[in-house]
Every structure is written in C-alpha cells, then in structure tokens.
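With our numbering applied, the sequence shown closes on residue 546, and no number is skipped along the way. We treat Cβ as the ideally placed atom computed from N, Cα and C, and that holds for glycine. Treat the numbers as computed from the prediction; the structure is a model and nothing was measured.
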Amino acid sequence: MTSPTLGPTRQSWVPLVVLATGVSMVVIDATIVNVAVPAILADLRLGATDVEWINSVYSLMFAALLIPFGRMGDLYGRRRLFALGVAVFLLASVLAAVSVNGPMLIAVRAVQGVGAAMAVPMTLAIINQIYTGRQRVIAFAVWGSIIGGMAAAGPLAGGWLVTEHGWRAAFWINLPIAALLLLGSLRVPDSRAGHAAGTDLAGLVLAVLGTTGVVFALIEGQKYGWFEPRRTADLFGLRFESVSPVPFAFGVGILALVALIVRERRRERAGLPVLVDLTLFELPSFRYGSMTAVIVALGEFGMILVLPLFLQSALGYTAFRAGLVIAALALGTFLAGGLVPPLSKTLSPRAIVRIGLALEAVGAAGIGLSLAPDMGAWRPVPWLLLYGAGIGFATAQLTGVLMADVPSRLSGGASALQSTVRQLGAALGVAILGGVLVSGLGSAVERGLSDRPQQVRTSVARAVEESAGAAIPALRDPAIHAAAVEAAAEATRRVTFITALALLAGVGITLLLPRTPVGRDESPEQVAAGGPDTGGREPDM
6 MTSPTLGPTR
16 QSWVPLVVLA
26 TGVSMVVIDA
36 TIVNVAVPAI
46 LADLRLGATD
56 VEWINSVYSL
66 MFAALLIPFG
76 RMGDLYGRRR
86 LFALGVAVFL
96 LASVLAAVSV
106 NGPMLIAVRA
116 VQGVGAAMAV
126 PMTLAIINQI
136 YTGRQRVIAF
146 AVWGSIIGGM
156 AAAGPLAGGW
166 LVTEHGWRAA
176 FWINLPIAAL
186 LLLGSLRVPD
196 SRAGHAAGTD
206 LAGLVLAVLG
216 TTGVVFALIE
226 GQKYGWFEPR
236 RTADLFGLRF
246 ESVSPVPFAF
256 GVGILALVAL
266 IVRERRRERA
276 GLPVLVDLTL
286 FELPSFRYGS
296 MTAVIVALGE
306 FGMILVLPLF
316 LQSALGYTAF
326 RAGLVIAALA
336 LGTFLAGGLV
346 PPLSKTLSPR
356 AIVRIGLALE
366 AVGAAGIGLS
376 LAPDMGAWRP
386 VPWLLLYGAG
396 IGFATAQLTG
406 VLMADVPSRL
416 SGGASALQST
426 VRQLGAALGV
436 AILGGVLVSG
446 LGSAVERGLS
456 DRPQQVRTSV
466 ARAVEESAGA
476 AIPALRDPAI
486 HAAAVEAAAE
496 ATRRVTFITA
506 LALLAGVGIT
516 LLLPRTPVGR
526 DESPEQVAAG
536 GPDTGGREPD
546 M
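What follows is the structure in structure tokens.
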C-alpha cells in the first residue's frame with residue numbers, strides 16, 4: 006500500500022521537518038564523536054585499539070546494513086522502520102552516555118550504527134514517495150543540504166559540547182532530539198511496496214559480508230597496511246602479526262559482492278524476490294547519479310578529514326577554533342541549498358549539479374593555495390564558503406536526479422543503495438586522500454630536514470607520518486617543528502589539489518546525466534511508469 010502525496014499546505018512540510026531532523030541527528034552525531042574521542046580516551050583510559058573501534062564499528066555497521074534495511078522498509082513500512090531506527094539510536098545513545106569502559110562503549114556504538122542504518126535510508130525513501138512537483142525540488146534541496154552542512158557543522162558543535170559539558174554530552178544531546186522525532190513520526194505518512202514478497206536471506210548475508218569487507222579495508226588500510234603489516238591487528242579474538250587483515254577483508258568483500266550480483270540476477274530472471282533490484286542501475290539517472298555521488302562524497306569527507314588535522318596538529322588550533330573555521334563550509338552549504346529552488350525554475354537539475362561540482366573544484370584549489378604555516382585563521386574562509394556552496398548545489402540536486410525515475414515501490418531500496426554509495430565514497434575519500442596526506446607528510450619532512458643526520462630525518466618523518474601529523478606539537482626543536490609544519494602544509498595542499506581534480510572528473514560524469522527535470526508534476530506512480538509527456542525540457546547547461 007502507498008500513501009497519497011501531500012497537497013501544498015503548510016502542514017505538508019511537517020514530514021520534511023521530521024525527516025530532515027532525523028538525518029541531522031545521525032550525521033552530526035558521527036562528527037561530534039570524532040571531536041570527543043580524545044576526551045573519551047582520557048576519561049575511560051582506553052587503549053589505542055579501543056579508541057580506533059569507537060568510530061570504525063559504527064561506520065561498519067551503518068554501511069553493512071543500509072541495503073538490508075532499505076529492502077525491509079519497502080516490504081514492511083518505511084515510517085515504521087524510521088521510527089524503530091530512531092528508537093534504537095536513542096537507546097544506544099543513552100547507553101553510550103553512561104558507558105563505564107571501552108568494550109561497553111564500542112558495543113553500543115555498534116548498536117547506534119544499526120539504528121542509523123534503519124532510519125537514514127527511510128528518510129529519502131519517504132520524501133521520494135510523498136512529495137511531487139516543486140515540493141520535491143525543495144524537499145531534496147533541504148535533505149541534500151542537511152547531509153553536507155551538518156557534516157561540516159559537527160566539529161564546531163562537538164568542540165563546544167565537549168569543552169563545556171564533557172564527552173558524555175555528545176551522546177546525551179541525542180535524547181531530546183530522538184524523543185521529539187518519535188512523536189513527530191506520527192505525522193509522517195506511511196508507505197510500502199504493497200506486498201511482502203519475502204526476503205532473500207542468503208543475499209542479505211552476502212550484502213552484509215561484502216559491504217563490511219570493502220568498507221573495513223578502505224577505512225583501516227592506512228592503519229594496518231595493504232600489503233605489508235604496519236602494526237599488529239586484534240580483531241574479534243584473532244591476532245594478525247605477520248600479515249595484514251586488510252587485503253583479506255577486501256578480497257572477501259569483493260567476492261561476496263560479485264556473488265550477490267550473480268545471485269540477484271538469477272533470482273530476478275526466475276521471478277523470485279530479490280534483496281537488491283539491480284534494474285535500478287539500468288536507469289541512467291540512477292547509474293550516473295551514483296557515480297557522481299561517489300565523487301562528491303570522496304571530496305567532501307576527505308576534505309573534512311584533512312583540514313582539521315592541519316589546523317589542530319600543524320597550527321595548534323583547539324578543536325573548537327578549528328570547528329569555527331570549518332563552519333564556513335557548513336554556512337556555504339546551507340546558503341546554497343536555499344538558492345536551489347529558485348534556480349531550478351531556470352536551470353535543469355544536472356546543470357545545478359555541474360555548477361556545484363565546478364564550485365567545489367575551484368574552492369578546493371583555493372583552499373590549497375591559501376594554506377601556509379603562517380596563515381591567519383580566516384585566510385581559507387572565502388574558499389571554504391565557495392566549496393560549501395558547491396556541496397549545497399551538487400548534493401541537493403544530485404539526490405533529486407538520482408531518485409527521479411525510481412519507481413515508488415523501490416524507494417527504500419534505492420535510497421539505501423544511494424546511501425551505501427555515499428558511504429563508499431566517504432570511505433574512498435578517507436583511504437585515498439588520507440593515504441596521500443600520510444605519505445606526503447613523511448617525504449616532505451625528510452626533504453625539509455635535509456641538513457640533519459639521516460637518523461634524525463627518518464625518526465621524525467616516521468613519527469609525523471604514523472600519527473598523521475598529530476606528533477607535530479610534541480616536536481621541541483624549533484627548526485624541526487617548523488619543517489614539520491611546512492611539510493603538513495605541503496601535504497595538505499596536495500590533498501586539496503587532488504580533490505579538485507577528482508571533482509572536475511565529476512563534472513565530466515554529469516554530462517552523462519539525463520536532462521529529465523526533477524520535481525515534475527506527476528505522481529510517484531507516473532514516475533514509475535515513465536511519467537507523462539511534458540512536451541519540453543527545462544533549460545540546460
């Protein structure tokens with residue numbers, strides 16, 4: 006059964022407020038916890054492995070379960086799964102706030118990831134279901150801006166919360182928000198595919214195994230090493246000393262995903278229920294939109310990773326001060342998101358996406374050119390605003406382009422797939438750009454200390470490289486410290502320039518996006534059937 010679309014009344018925006026708030030809670034929580042990690046480490050006296058898994062286990066659970074829960078939402082009700090996800094997230098947040106040791110906190114962070122995987126794909130699926138025409142344009146703009154803006158605003162909010170109220174506040178803050186969301190979910194129309202055709206359990210296992218393996222490898226590759234082990238890994242009672250678990254996990258993940266594709270194709274031909282409807286990738290809007298989404302996520306999350314490291318480790322900023330600088334990115338995202346609806350009257354969605362990616366590329370290059378050991382705090386701000394505006398344009402309309410031709414009955418699965426794609430893009434950003442940063446740090450430090458003995462060069466370079474720059478403040482020799490700061494600026498500049506090139510490649514991919522306007526005035530059922538002949542196109546670029 007499907008719910009009717011909402012009419013153009015003030016109350017019709019209540020579901021969007023609820024769903025956007027749900028996305029905000031999940032996105033900002035992930036970034037707040039990043040800032041809280043040092044305080045958690047000191048308070049609970051955690052070891053290095055515990056600290057690493059506080060974030061990794063959340064990311065793994067979230068990415069691994071998006072596709073299964075997307076399918077469940079289609080079958081059993083999207084509002085129901087959204088509310089259940091919020092409830093699970095709330096419970097896990099309370100338990101995280103009262104955690105007394107590392108294992109307890111890691112366990113409830115895993116549960117938080119489960120709740121997030123339930124709730125997030127349902128938000129986009131419901132939006133795609135209940136809004137049409139101009140309302141859909143606005144709804145997608147709000148949803149996309151929230152994703153980009155909150156990811157950038159999180160460090161600022163986290164810095165303030167942790168500084169003023171301690172790390173537990175990073176979890177307590179979710180309690181009132183989640184409680185209001187549960188009440189607000191009663192105002193959200195429910196929808197589902199119309200029949201529960203069953204679930205492909207073997208496909209579910211393959212999807213979880215494949216996504217977990219690939220995301221684990223991308224997240225942990227720099228830490229444990231891809232080919233030669235960098236450190237001993239203790240994973241689920243298994244100890245890896247002479248070999249790295251990363252290539253094994255990546256290989257298993259790829260094999261599982263290939264097996265999933267083969268299995269789903271066979272079941273589809275046999276008329277059996279599938280976990281992932283691969284026909285979605287036959288839609289040009291979904292196929293090329295997904296490719297573009299990978300580029301956007303790679304650039305966005307890679308930038309959010311490296312800039313705070315440079316500001317805090319090299320320039321000595323506090324987490325809050327660094328958050329203030331990065332907040333310019335969030336401001337640009339929100340401002341651009343508000344401009345999308347009026348711009349969509351004269352420009353096609355793919356034109357707005359293309360403009361956004363171009364602005365991101367220019368902004369990334371500008372950020373790189375502005376970085377210097379002696380730079381003022383506000384020097385990169387104009388470029389961060391421009392970069393954020395690009396995210397606002399690209400993400401807001403890319404979501405609409407990607408979901409435009411998705412049949413209503415597949416909204417949950419499609420939303421989960423696009424969320425998974427974004428997660429993979431973010432993991433790629435961390436893996437690729439993080440790797441560029443780390444390798445660049447080591448080589449730049451060695452060059453900067455060319456007048457020092459080889460032993461000194463090697464030891465300093467190794468310390469700076471292995472800590473991703475965190476060891477720089479501890480360097481007491483002024484000349485060595487200055488060389489390390491210059492190396493950090495050089496390595497971070499390299500990352501921003503590579504980001505700019507990747508975003509320009511994304512501009513090229515947008516040439517393949519269809520010109521179909523998002524927000525046309527047909528119902529989701531008409532979209533599923535191909536939509537009426539509108540007799541024309543919106544202006545394109």
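Outcome for residue i when other beta-carbon atoms lying within 10 angstroms are tallied against a minimum of 16
| i | result |
| --- | --- |
| Leu352 | buried |
| Gly361 | buried |
| Val22 | exposed |
| Arg427 | buried |
| Leu265 | buried |
| Arg274 | exposed |
| Leu188 | exposed |
| Gly75 | buried |
| Asn39 | buried |
| Arg105 | Before going further, note that residue 105 is Val rather than Arg in the sequence given. By the neighbour-count rule (16 or more Cβ atoms within 10 Å), Val105 is not buried but exposed. |
| Gly256 | exposed |
| Gln460 | exposed |
| Gly430 | buried |
| Val386 | buried |
Three-state class that DSSP yields for residue i in the structure shown
| i | result |
| --- | --- |
| Gly434 | helix |
| Leu362 | helix |
| Asp79 | helix |
| Gly189 | helix |
| Arg84 | helix |
| Phe94 | helix |
| Ile178 | coil |
| Leu570 | In the structure as shown, the chain begins at 6 and stops at 546. Residue 570 is therefore absent and cannot be evaluated. |
| Met380 | coil |
| Asp48 | helix |
| Glu305 | helix |
| Asp205 | coil |
| Lys350 | coil |
| Asp34 | helix |
| Phe145 | helix |
| Glu233 | coil |
| Pro160 | helix |
| Tyr136 | coil |
| Trp18 | helix |
| Trp172 | coil |
| Gly524 | Only weak support is given to the placement of Gly524: the predicted model assigns it a pLDDT of 41, under 50, and the value that follows is read from those uncertain coordinates. The answer is coil: DSSP assigns Gly524 none of H, G, I, E or B. |
| Ala275 | coil |
Beta-carbon separation (whole angstroms), residue i vs residue j, contact threshold 8 Å
| i | j | result |
| --- | --- | --- |
| Asp508 | Gly304 | Sequence inspection shows Leu at residue 508; the Asp mentioned does not correspond to that position. Right, the Cβ-Cβ distance comes to about 5 Å (below 8 Å), so this counts as a contact. |
| Thr204 | Leu65 | Rounded, the Cβ-Cβ distance is 22 Å, inconsistent with contact. |
| Phe94 | Asn179 | 7 Å |
| Ala366 | Ala505 | 5 Å |
| Ala382 | Val330 | 6 Å |
| Ile45 | Ile59 | 7 Å |
| Ser17 | Ala88 | With a Cβ gap of about 20 Å, Ser17 and Ala88 do not count as contacting. |
| Gln402 | Ile357 | 4 Å |
Sub-8 Å separation of residue i and residue j beta-carbons
| i | j | result |
| --- | --- | --- |
| Ala112 | Phe176 | no |
| Trp231 | Thr404 | no |
| Met109 | Leu86 | no |
| Leu407 | Phe315 | no |
| Thr128 | Leu24 | yes |
| Leu415 | Asp79 | yes |
| Val281 | Ala212 | yes |
| Gly118 | Gly90 | no |
| Ala222 | Val193 | no |
| Val220 | Ala41 | no |
| Gln134 | Ser464 | no |
| Thr297 | Thr501 | no |
| Ile151 | Val32 | yes |
| Val248 | Arg359 | no |
| Val345 | Ala146 | yes |
| Leu209 | Ala261 | no |
| Ile131 | Pro20 | yes |
| Leu320 | Leu364 | no |
| Gly439 | Gln227 | yes |
| Ala35 | Tyr81 | no |
| Ala97 | Val116 | yes |
Evaluate contact between the region 324-332 and the region 154-174, counting only Cβ atoms and requiring at least three cross-stretch pairs below 8 Å.
yes
Taking 8 Å as the threshold, find out whether the region 489-497 comes into contact with the region 446-460 through three or more Cβ pairs.
Three or more Cβ pairs drawn from the region 489-497 and the region 446-460 lie within less than 8 Å of each other, which places the two stretches in contact.
Quick one: any contact between the region 334-343 and the region 465-482, if contact means 3 or more CB pairs under 8 Å?
no
Touching by the beta-carbon criterion (3+ pairs, under 8 Å), the region 418-430 and the region 67-77
yes
Do three or more CB pairs link the region 442-449 to the region 478-486 at distances below 8 Å?
no
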